[in-house]
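Colleague:
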Amino acid sequence: MNKYTLLIGALFLNFTTLFAQEFKAQIIDSLTQAPIPYAAIQVDETSGAISNEEGFFAINFEDKEIINLSISCLGYESKVISVEDIKNNNFVIILQEAINTLEEVYINETKPNVDSIIAKVNLHLKDNYSSGYSSHEIFYRATNFTDFKKLDFEVDKASSFRKKDHVSANNSLDSLSNVVRNSKAKQFSDYLGNIVVNDSNKAKLNVVKATELLDRQNGFSVEGLQEKAQNIMLKYLDQDKYYKLKSGLFKLEDSLNLKELIEEDENRKDEHNTSFLRRGANNLLSQAKFYDNSFLSKILNPKLYKHTLEDLTYYNGDFIYVISYLPRKAKSKFSGKLYITEDTYAVIRTDYQYSKGKRGSKLNLRLLLGVKFNQNVRLGTVIYTKDLETEKYTPQYIKEEDGAYFFVSRPLKFIEQGGDKSKVKFSFKVEGNTRNKEELLCISTKSITLEAYNAFTEKKKTPYQVLQRYDPNIWKSQNTLEPLEEMKRFSSSN
């Protein structure tokens, strides 16, 4: 990057900061110049941000007169820096690594016993984390990728097709296959809202604004592909007639008609079932809790996992134990690290992933039903922040990624209703990998009463705005997660 590019970038960022009241910068390591993810940026006691995986963050100043930002990150020395200094350094913030080892800190003392640390963590869970009714202002982002390795469509039999229509239908299906194989299907879903959770982890959600960044023409899923293939077939059938759709012994549709499908598509509303959005956010929040038999309580169980004290680091001037864990039993699936405060024995961060040789749910009915599924990726991070008023730790940022291999082979049959019951058979075979990432930023958290929870209402449907390309102004003046470059570069072919 030359000095002129840096100058233009600095002028642009100054311009946007002045007029949009939004401040963007990147945090990097002083030695490696690598971006630092998940650094906490504090503006005041009630507002702040967290850096994304590329080290970038954005702060909405609103009407506040911001002079300094406080930056803190595990393993680095905390830093208070003025907005003016950040501007003068081309909107880059440099952090120094906090270098200390267990040997240096405990040079004249016995090193802490890891089993004792884990026991104290379990003992202090009720002191460190709230378990009652709570309300969270949240920003949620889901990123979905699908990579189709194999895709085959073919019309096998068509008693009602003319020969040229048979050939034309197969050509159209081949074109669809080529487009899909050459695509890297992506979809980005964002929403800002409020979620309330009761003491049994049931929740209600109110969405303030939601967006979908997708390419409707090339936004593929297994269900979407089947629908596109069905619509191609219907074009070569009598558009005034109705058809049943079957796959083997199973009836998939009772009454398909192309004209009605086109009309339904034209009248389709851009809205989600709120329950679908709620489940995503509430599942992530549940991942961050320590109730009996929860995900994290299992990781803290020495009967299920072997813990090792790896190192000692700093966070906001406090010593933090770095403890790794591995499965101790066959039913234990994860490995990763726990970051635990030395003084309060609170877990302030957890990293996890499938341990070597471990996998998630799987289904192999390839021969019987033409379906195979294998969840081969699951990893995540949970980061907590301390509420200065209650002295409790609450989730600040939660990320989880899931990946799976899938195979679907379906023989599909269109059967005309009434008349001569003419049939069209075609085969549908798809194989590939899918990867889904969910992120949840808790902007603010507070305890609420049972009455407040009961008074909270959830709408059945949530409208969303469809975007064909990333718009930097869509979340202007709101605290959200700064998008990654892949999202900023996204553009629809519509």
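Numbering (the working numbering), first residue to last: 7 to 500. No residue lacks a Cβ here, since even glycine has one placed at the ideal position from N, Cα and C.
(1) Buried or exposed: which applies to leucine 255, given that a residue is buried once 16 or more other Cβ atoms fall within 10 Å of its Cβ?
(2) Quick one: grab the DSSP three-state call for glycine 54.
(3) Looking only at its own chain, which residues have a Cβ that is under 6 Å from the Cβ of tyrosine 403, when we skip the five neighbours before and after it?
(4) So if DSSP puts aspartate 31 in a beta bridge, which residue, or which two residues, is it bridged to?
(5) If you scan the stretch 89-150 from start to end, which runs of the beta strand (DSSP E) of 3 or more residues do you find wholly inside it?
(6) Give the DSSP-derived three-state secondary structure of glutamate 348 in the structure shown.
(7) Please state the DSSP three-state secondary structure of glutamine 381.
(8) Do aspartate 408 and asparagine 442 count as a contact pair if the criterion is CB distance below 8 Å?
(9) Alpha helix (DSSP H) containing aspartate 393: first to last residue?
(10) Only counting the same chain, and skipping five residues up and downstream in sequence, which positions put a Cβ closer than 7 Å to that of aspartate 349?
(11) Should leucine 290 be labelled buried (16 or more other beta-carbon atoms within 10 Å of its own) or exposed?
(12) Helix, strand or coil for alanine 458? Go by DSSP, reduced to three states.
(13) Pick from Lys30, Thr400, Leu75: whose alpha carbon is nearest that of serine 88?
(14) Do the stretch 474-491 and the stretch 172-182 meet, that is, are 3 or more Cβ pairs less than 8 Å apart?
(15) Cutting at 6 Å between CB atoms, please list the residues of its own chain near proline 41, excluding the five before and the five after it.
(16) List, from N- to C-terminal side, the beta strand (DSSP E) runs of 3 residues or more that fit wholly inside the stretch 299-362.
(17) Report the rounded CA-to-CA distance for leucine 240 versus glutamate 406, giving the unit in angstroms.
(18) Can you find a CB in chain B that lies within less than 8 Å of the CB of asparagine 200?
(19) Helix, strand or coil for threonine 280? Go by DSSP, reduced to three states.
(20) Grouping DSSP H, G and I as helix and E and B as strand, with all else coil, what is lysine 465?
(21) CA-CA distance, phenylalanine 496 and glutamine 471?
(22) Would you check if there are 3 or more beta carbon pairs closer than 8 Å linking the stretch 120-127 to the stretch 337-354?
(23) I'd like to confirm the pairing. Which residues does DSSP put opposite glycine 438 in its beta bridges?
(24) Which partner residues does phenylalanine 420 have in the DSSP bridge list?
(25) Would asparagine 279 and lysine 467 be called neighbours here (beta carbons separated by less than 8 Å)?
(26) Thinking C-beta only, is lysine 252 closer than 8 Å to glutamine 423?
Modeller: Quick look at the numbers:
(1) The residue labelled residue 255 in the question sits at position 249 within the sequence shown. With a pLDDT of 46 at leucine 255, under the threshold of 50, the modelled position of this residue cannot be trusted, and the question is left open.
(2) By one-based count along the sequence shown, residue 54 stands at place 48. Looking at glycine 54 - three-state DSSP - the assignment turns out to be strand.
(3) Stepping through the sequence shown from its first residue, residue 403 is reached at position 397. Around tyrosine 403: Ile56, Ile389, Leu447.
(4) Taking the first residue of the sequence shown as position 1, residue 31 is located at position 25. The amino acid occupying residue 31 in the given sequence is alanine; aspartate does not appear at that position. Beta-bridge partners assigned by DSSP to alanine 31: Phe63.
(5) 98-101
(6) Along the sequence shown, one-based indexing puts residue 348 at 342. Coil at glutamate 348, not helix or strand.
(7) Numbered from its first residue, the sequence shown carries residue 381 at position 375. Residue state, collapsed to three classes: strand.
(8) Residue 442 sits at position 436 when you count from the first residue of the sequence shown. Residue 408 sits at position 402 when you count from the first residue of the sequence shown. Contact flag set, yes.
(9) Counting from 1 along the sequence shown, the entry for residue 393 is found at position 387. Note, aspartate 393: premise wrong, no alpha helix (DSSP H); not H, not E.
(10) The residue you call residue 349 lines up with position 343 of the sequence shown. Same-chain partners within the cutoff: Asp324.
(11) Reading the sequence shown from its first residue, position 284 is the one you call residue 290. Buried, because 16 or more other Cβ atoms sit within 10 Å of the Cβ of leucine 290.
(12) The count along the sequence shown starts at 1 and reaches residue 458 at position 452. Three-state DSSP puts alanine 458 in a helix.
(13) Position 82 of the sequence shown holds residue 88. For serine 88, the nearest C-alpha among the options comes from Leu75.
(14) no
(15) What you label residue 41 is simply residue 35 of the sequence shown in a count that begins at 1. Result list for proline 41: Ile34, Glu60, Gly61, in chain order.
(16) 311-321, 324-333, 340-347, 353-360
(17) In the sequence shown, counting from the first residue as 1, residue 240 sits at position 234. In the sequence shown, counting from the first residue as 1, residue 406 sits at position 400. Their backbone Cα atoms lie some 40 Å apart in a straight line.
(18) Here chain B cannot be found, since the structure has a single protein chain.
(19) Counted from its first residue, the sequence shown places residue 280 at position 274. Three-state result, threonine 280: helix.
(20) Along the sequence shown, one-based indexing puts residue 465 at 459. Note: lysine 465 maps to coil in three-state DSSP.
(21) On the sequence shown, residue 496 is found 490 positions in, with the first residue counted as 1. On the sequence shown, residue 471 is found 465 positions in, with the first residue counted as 1. So the two alpha carbons sit approximately 16 Å from each other.
(22) yes
(23) Looking up residue 438 in the sequence shown gives position 432. According to DSSP, which records beta bridges pairwise, glycine 438 is partnered with Phe154, Phe412.
(24) Your numbering for residue 420 matches position 414 in the sequence shown. Paired residues: Leu251, Val430.
(25) As a position in the sequence shown, residue 279 is number 273, starting the count at 1. As a position in the sequence shown, residue 467 is number 461, starting the count at 1. Contact: yes.
(26) Here residue 423 refers to the residue found at position 417 of the sequence shown. Here residue 252 refers to the residue found at position 246 of the sequence shown. For glutamine 423 and lysine 252, no; Cβs fall outside 8 Å.
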